[in-house]
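Chemist:
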Amino acid sequence: MQKRAYLLIAAGAVLWGTIGIFVRGFYGFGFSPLQVVTLRVLSAAVLMLVYLLFTRPELLKIRVRDSLYFVGTGIFSLAFFNLCYFTTIRETSIAIAVTLLYTAPAFVAVFSRVFFGESLGVKKLFSLGLTLIGCAFVTGYLPGPGDSLTLSWSGLLTGLGAGFGYALYTIFGKAALEKYHTMTIAAYTFIFASLALLPLGNFEKSAGAFSTGAFWVYLAGLGFFPTVLAYLLYTKGLEEVESSRASIVATIEPVVGTLAGFFFFREMLTGWQLVGVLLVIVAVVMIQERK
(Lines of atoms letter the chains of each structure in order from A and count residues from 1; the text may use other names and numbers.)
(Lines give C-alpha, C1' and ligand atoms only; values in the text may rest on other atoms or scores of the structure.)
Protein backbone atom coordinates (compact mmCIF):
# COMPACT_ATOMS: atom_id res chain seq x y z
CA MET A 1 0.00 0.00 0.00
CA GLN A 2 2.82 2.44 0.81
CA LYS A 3 4.35 1.98 -2.63
CA ARG A 4 1.00 2.95 -4.16
CA ALA A 5 0.81 5.98 -1.84
CA TYR A 6 4.27 7.18 -2.91
CA LEU A 7 3.23 6.82 -6.55
CA LEU A 8 0.07 8.87 -5.90
CA ILE A 9 2.10 11.65 -4.24
CA ALA A 10 4.65 11.62 -7.05
CA ALA A 11 1.86 11.71 -9.66
CA GLY A 12 0.32 14.73 -7.93
CA ALA A 13 3.69 16.50 -7.90
CA VAL A 14 4.22 15.68 -11.60
CA LEU A 15 0.87 17.31 -12.41
CA TRP A 16 1.82 20.37 -10.31
CA GLY A 17 4.97 20.56 -12.38
CA THR A 18 2.94 20.94 -15.60
CA ILE A 19 1.29 24.15 -14.42
CA GLY A 20 3.70 26.32 -16.44
CA ILE A 21 2.23 24.97 -19.69
CA PHE A 22 -1.19 26.43 -18.80
CA VAL A 23 0.09 29.55 -17.05
CA ARG A 24 1.99 30.64 -20.16
CA GLY A 25 -1.28 30.63 -22.06
CA PHE A 26 -2.88 32.96 -19.52
CA TYR A 27 0.12 35.27 -19.54
CA GLY A 28 -0.43 35.56 -23.30
CA PHE A 29 -3.88 37.01 -22.53
CA GLY A 30 -2.28 39.63 -20.29
CA PHE A 31 -3.32 38.21 -16.90
CA SER A 32 -1.17 38.92 -13.85
CA PRO A 33 0.24 36.08 -11.70
CA LEU A 34 -2.30 36.83 -8.94
CA GLN A 35 -5.16 36.68 -11.45
CA VAL A 36 -3.92 33.33 -12.75
CA VAL A 37 -3.84 31.92 -9.21
CA THR A 38 -7.37 33.21 -8.61
CA LEU A 39 -8.60 31.63 -11.86
CA ARG A 40 -6.87 28.40 -10.91
CA VAL A 41 -8.54 27.96 -7.51
CA LEU A 42 -11.91 29.29 -8.70
CA SER A 43 -12.10 26.90 -11.67
CA ALA A 44 -11.04 24.03 -9.41
CA ALA A 45 -13.72 24.95 -6.85
CA VAL A 46 -16.43 25.00 -9.55
CA LEU A 47 -15.27 21.66 -11.02
CA MET A 48 -15.25 19.98 -7.61
CA LEU A 49 -18.62 21.41 -6.58
CA VAL A 50 -20.36 20.37 -9.82
CA TYR A 51 -18.84 16.87 -9.71
CA LEU A 52 -19.72 16.22 -6.06
CA LEU A 53 -23.24 17.71 -6.30
CA PHE A 54 -24.14 15.27 -9.08
CA THR A 55 -22.23 12.21 -7.86
CA ARG A 56 -21.57 12.28 -4.10
CA PRO A 57 -23.34 15.25 -2.46
CA GLU A 58 -22.88 13.69 0.98
CA LEU A 59 -19.17 14.53 0.76
CA LEU A 60 -19.99 18.24 0.85
CA LYS A 61 -21.36 17.97 4.40
CA ILE A 62 -18.98 19.26 7.05
CA ARG A 63 -19.28 20.51 10.62
CA VAL A 64 -19.01 24.27 10.98
CA ARG A 65 -16.23 23.97 13.57
CA ASP A 66 -14.25 21.72 11.20
CA SER A 67 -14.12 24.54 8.65
CA LEU A 68 -10.92 25.56 10.46
CA TYR A 69 -9.18 22.69 8.65
CA PHE A 70 -10.10 24.26 5.31
CA VAL A 71 -9.27 27.76 6.44
CA GLY A 72 -5.86 26.17 7.01
CA THR A 73 -5.53 24.37 3.66
CA GLY A 74 -7.31 27.01 1.57
CA ILE A 75 -6.42 30.40 3.07
CA PHE A 76 -3.36 29.91 5.29
CA SER A 77 -1.77 27.51 2.78
CA LEU A 78 -2.97 27.85 -0.82
CA ALA A 79 -3.86 31.58 -0.83
CA PHE A 80 -1.11 32.71 1.56
CA PHE A 81 1.79 30.85 -0.05
CA ASN A 82 0.81 32.04 -3.53
CA LEU A 83 0.69 35.67 -2.40
CA CYS A 84 4.06 35.31 -0.67
CA TYR A 85 5.50 33.46 -3.65
CA PHE A 86 4.57 36.09 -6.23
CA THR A 87 5.71 38.87 -3.91
CA THR A 88 9.10 37.15 -3.63
CA ILE A 89 9.35 36.91 -7.43
CA ARG A 90 8.77 40.67 -7.60
CA GLU A 91 11.32 41.37 -4.83
CA THR A 92 14.05 38.97 -6.04
CA SER A 93 13.89 36.50 -8.95
CA ILE A 94 11.99 33.38 -9.97
CA ALA A 95 15.01 31.18 -9.22
CA ILE A 96 15.42 32.48 -5.66
CA ALA A 97 11.65 32.41 -5.09
CA VAL A 98 11.38 28.74 -6.12
CA THR A 99 14.40 27.81 -4.00
CA LEU A 100 12.91 29.49 -0.91
CA LEU A 101 9.51 27.90 -1.65
CA TYR A 102 11.12 24.48 -1.40
CA THR A 103 12.18 25.06 2.18
CA ALA A 104 8.68 23.60 2.71
CA PRO A 105 9.92 20.03 3.40
CA ALA A 106 12.05 21.37 6.26
CA PHE A 107 9.01 23.11 7.77
CA VAL A 108 6.93 19.96 7.31
CA ALA A 109 9.60 17.83 9.02
CA VAL A 110 9.57 20.12 12.08
CA PHE A 111 5.75 20.42 12.20
CA SER A 112 5.33 16.66 11.77
CA ARG A 113 7.68 16.05 14.66
CA VAL A 114 5.72 18.45 16.89
CA PHE A 115 2.13 17.60 15.90
CA PHE A 116 2.29 13.97 14.72
CA GLY A 117 5.33 12.64 16.59
CA GLU A 118 7.14 11.63 13.37
CA SER A 119 10.82 10.79 13.83
CA LEU A 120 13.66 12.81 12.34
CA GLY A 121 16.18 10.16 11.33
CA VAL A 122 19.56 10.64 9.68
CA LYS A 123 18.26 9.41 6.31
CA LYS A 124 15.34 11.85 6.39
CA LEU A 125 17.57 14.81 7.27
CA PHE A 126 20.06 13.82 4.56
CA SER A 127 17.22 13.61 2.01
CA LEU A 128 16.06 17.07 3.10
CA GLY A 129 19.51 18.46 2.42
CA LEU A 130 19.64 16.82 -1.01
CA THR A 131 16.24 18.24 -1.99
CA LEU A 132 17.22 21.80 -1.00
CA ILE A 133 20.51 21.61 -2.92
CA GLY A 134 18.85 19.87 -5.88
CA CYS A 135 16.06 22.46 -6.09
CA ALA A 136 18.63 25.27 -5.99
CA PHE A 137 20.45 23.65 -8.93
CA VAL A 138 17.23 22.93 -10.87
CA THR A 139 15.97 26.51 -10.62
CA GLY A 140 19.33 27.83 -11.82
CA TYR A 141 20.15 29.58 -8.55
CA LEU A 142 23.76 28.57 -7.97
CA PRO A 143 25.93 31.55 -7.02
CA GLY A 144 29.62 31.21 -7.80
CA PRO A 145 32.51 32.20 -5.51
CA GLY A 146 32.67 35.69 -7.01
CA ASP A 147 28.93 36.38 -6.94
CA SER A 148 27.21 38.47 -4.30
CA LEU A 149 23.78 37.53 -2.99
CA THR A 150 21.46 40.52 -3.27
CA LEU A 151 18.45 39.45 -1.22
CA SER A 152 16.42 41.98 0.76
CA TRP A 153 14.96 41.15 4.14
CA SER A 154 11.45 41.52 2.72
CA GLY A 155 12.30 39.12 -0.12
CA LEU A 156 13.76 36.61 2.33
CA LEU A 157 10.77 36.80 4.68
CA THR A 158 8.15 36.45 1.94
CA GLY A 159 10.15 33.60 0.39
CA LEU A 160 10.27 31.74 3.69
CA GLY A 161 6.60 32.63 4.15
CA ALA A 162 5.85 30.89 0.86
CA GLY A 163 7.66 27.76 2.04
CA PHE A 164 5.85 27.95 5.40
CA GLY A 165 2.44 28.33 3.73
CA TYR A 166 3.20 25.56 1.25
CA ALA A 167 4.05 23.25 4.15
CA LEU A 168 0.78 23.99 5.94
CA TYR A 169 -1.28 22.10 3.33
CA THR A 170 0.43 18.85 4.29
CA ILE A 171 -0.12 19.50 8.01
CA PHE A 172 -3.76 20.66 7.84
CA GLY A 173 -4.53 18.08 5.15
CA LYS A 174 -3.12 15.25 7.28
CA ALA A 175 -5.25 16.34 10.24
CA ALA A 176 -8.41 16.71 8.11
CA LEU A 177 -7.95 13.18 6.71
CA GLU A 178 -8.86 11.80 10.12
CA LYS A 179 -12.43 13.05 9.62
CA TYR A 180 -13.02 13.75 5.94
CA HIS A 181 -12.70 12.19 2.49
CA THR A 182 -9.96 13.28 0.10
CA MET A 183 -12.49 14.93 -2.22
CA THR A 184 -14.09 16.87 0.64
CA ILE A 185 -10.71 18.30 1.65
CA ALA A 186 -9.82 19.27 -1.93
CA ALA A 187 -13.23 20.87 -2.61
CA TYR A 188 -13.26 23.05 0.49
CA THR A 189 -9.59 23.95 0.05
CA PHE A 190 -10.41 25.49 -3.33
CA ILE A 191 -13.63 27.10 -2.07
CA PHE A 192 -11.93 28.85 0.85
CA ALA A 193 -8.96 29.89 -1.29
CA SER A 194 -11.35 31.36 -3.88
CA LEU A 195 -13.16 33.37 -1.21
CA ALA A 196 -9.83 34.82 -0.06
CA LEU A 197 -8.41 35.62 -3.53
CA LEU A 198 -11.47 36.77 -5.53
CA PRO A 199 -11.60 40.26 -3.92
CA LEU A 200 -7.97 40.79 -4.99
CA GLY A 201 -8.33 39.59 -8.62
CA ASN A 202 -9.51 42.82 -10.34
CA PHE A 203 -10.58 41.23 -13.66
CA GLU A 204 -12.28 44.31 -15.12
CA LYS A 205 -9.38 45.20 -17.45
CA SER A 206 -9.04 41.58 -18.68
CA ALA A 207 -12.71 40.94 -19.38
CA GLY A 208 -12.12 40.66 -23.16
CA ALA A 209 -10.23 37.38 -22.75
CA PHE A 210 -13.35 35.67 -21.40
CA SER A 211 -14.99 35.78 -24.85
CA THR A 212 -12.32 33.60 -26.53
CA GLY A 213 -12.51 29.82 -26.83
CA ALA A 214 -8.81 29.38 -26.05
CA PHE A 215 -9.32 31.02 -22.64
CA TRP A 216 -11.88 28.42 -21.60
CA VAL A 217 -9.69 25.55 -22.83
CA TYR A 218 -6.78 26.83 -20.73
CA LEU A 219 -9.08 27.43 -17.77
CA ALA A 220 -10.50 23.88 -17.86
CA GLY A 221 -6.99 22.42 -18.20
CA LEU A 222 -5.56 24.55 -15.40
CA GLY A 223 -8.45 23.81 -13.07
CA PHE A 224 -8.39 20.06 -13.63
CA PHE A 225 -4.88 18.67 -14.29
CA PRO A 226 -2.40 20.62 -12.10
CA THR A 227 -5.06 21.58 -9.53
CA VAL A 228 -8.04 19.27 -8.85
CA LEU A 229 -6.42 16.01 -9.95
CA ALA A 230 -3.01 16.91 -8.48
CA TYR A 231 -4.41 17.80 -5.04
CA LEU A 232 -6.66 14.72 -4.99
CA LEU A 233 -3.72 12.41 -5.74
CA TYR A 234 -1.44 14.10 -3.21
CA THR A 235 -4.06 14.15 -0.44
CA LYS A 236 -4.96 10.50 -1.11
CA GLY A 237 -1.29 9.55 -0.81
CA LEU A 238 -1.08 11.33 2.56
CA GLU A 239 -3.39 8.65 3.99
CA GLU A 240 -0.56 6.10 3.90
CA VAL A 241 2.65 8.15 4.13
CA GLU A 242 4.25 10.35 6.79
CA SER A 243 3.81 14.07 6.13
CA SER A 244 7.55 14.74 6.07
CA ARG A 245 8.21 11.95 3.56
CA ALA A 246 5.33 13.11 1.34
CA SER A 247 6.70 16.67 1.19
CA ILE A 248 10.12 15.41 0.11
CA VAL A 249 8.64 13.22 -2.63
CA ALA A 250 6.66 16.26 -3.83
CA THR A 251 9.90 18.15 -4.54
CA ILE A 252 10.00 16.47 -7.94
CA GLU A 253 7.59 19.27 -8.95
CA PRO A 254 10.34 21.79 -9.93
CA VAL A 255 12.15 18.97 -11.75
CA VAL A 256 9.04 18.27 -13.84
CA GLY A 257 8.53 21.99 -14.38
CA THR A 258 12.08 22.35 -15.67
CA LEU A 259 11.72 19.32 -17.97
CA ALA A 260 8.34 20.61 -19.24
CA GLY A 261 10.04 23.89 -20.14
CA PHE A 262 12.68 21.95 -22.07
CA PHE A 263 10.29 19.65 -23.99
CA PHE A 264 7.41 22.07 -24.63
CA PHE A 265 9.16 25.45 -24.91
CA ARG A 266 12.72 24.42 -25.87
CA GLU A 267 14.18 26.04 -22.76
CA MET A 268 17.79 24.88 -22.48
CA LEU A 269 18.99 22.78 -19.52
CA THR A 270 22.40 23.49 -18.01
CA GLY A 271 24.71 20.85 -16.59
CA TRP A 272 23.96 22.05 -13.05
CA GLN A 273 20.22 21.72 -13.64
CA LEU A 274 20.70 18.10 -14.70
CA VAL A 275 22.73 17.52 -11.52
CA GLY A 276 19.86 19.06 -9.54
CA VAL A 277 17.35 16.75 -11.22
CA LEU A 278 19.43 13.72 -10.24
CA LEU A 279 19.84 14.93 -6.63
CA VAL A 280 16.08 15.37 -6.18
CA ILE A 281 15.36 11.95 -7.71
CA VAL A 282 17.95 10.32 -5.41
CA ALA A 283 16.36 12.05 -2.39
CA VAL A 284 12.88 10.88 -3.42
CA VAL A 285 14.07 7.27 -3.80
CA MET A 286 16.01 7.37 -0.49
CA ILE A 287 13.08 8.61 1.58
CA GLN A 288 10.85 5.63 0.74
CA GLU A 289 10.65 3.02 3.45
CA ARG A 290 11.73 -0.50 2.63
CA LYS A 291 10.55 -3.42 4.73
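With the working numbering, letter number 283 in the sequence shown gets 293, and the count goes up by one each step, no holes.
We put the CB at the ideal spot given by N, CA and C, even for glycine.
Answer yes or no: do F235 and M58 have a C-beta to C-beta separation smaller than 7 Å?
Modeler: no
Chemist: Measuring alpha carbon to alpha carbon, tell me which residue in A55, L70 and F213 is nearest K189.
Modeler: L70
Chemist: By the 10 Å Cβ neighbour count, where 16 or more other Cβ atoms means buried, how is A172 classified, buried or exposed?
Modeler: buried
Chemist: Can you tell me the Cα-Cα spacing of L166 and T98, whole angstroms?
Modeler: 8 Å
Chemist: If you reduce the DSSP assignment to three classes, tell me which class I308 lands in.
Modeler: Nothing about residue 308 can be read from this structure; the chain reaches only from 11 to 301.
Chemist: Starting from the Cα of C94, find the closest Cα among F220, V47 and I72 and give me that residue.
Modeler: V47
Chemist: My guess is that F36 and L25 are in contact by the Cβ rule of under 8 Å, so how many angstroms apart are they, rounded?
Modeler: Actually they are not in contact, since the Cβ atoms of F36 and L25 sit about 17 Å apart, beyond 8 Å.
Chemist: Since I believe L18 is in contact with G82 (beta carbons under 8 Å), could you give me their beta-carbon distance rounded to a whole number of angstroms?
Modeler: Under the criterion of beta carbons closer than 8 Å, G82 and L18 do not qualify as touching, at roughly 21 Å.
Chemist: Once the 5 residues before and after T237 are set aside, which same chain residues still bring their CB inside 6 Å of it?
Modeler: R50 and A54
Chemist: Does the beta-carbon of P67 have 16 or more other beta-carbons within 10 angstroms, so that it is buried, or is it exposed?
Modeler: By the 10 Å Cβ count, P67 comes out exposed.
Chemist: In the stretch 30-93, which residue ranges form an unbroken alpha helix (DSSP H) of at least 4 residues, counting only runs that do not cross its ends?
Modeler: Within the stretch 30-93, the complete alpha helix (DSSP H) runs of at least 4 residues are 43-65 and 77-80.
Chemist: Counting only runs of 4+ residues fully inside the stretch 240-266, write out the alpha helix (DSSP H) ranges in chain order.
Modeler: 240-248 and 253-259
Chemist: DSSP state of G131, grouped into three classes?
Modeler: coil
Chemist: Indicate the three-state DSSP secondary structure (helix, strand or coil) for T28 in the structure shown.
Modeler: Note: T28 maps to coil in three-state DSSP.
Chemist: So, E101 versus S162, is the Cβ gap smaller than 7 Å?
Modeler: yes
Chemist: Would you kindly work out how many angstroms separate the C-alpha atoms of Y198 and K133, rounded to a whole number?
Modeler: 35 Å
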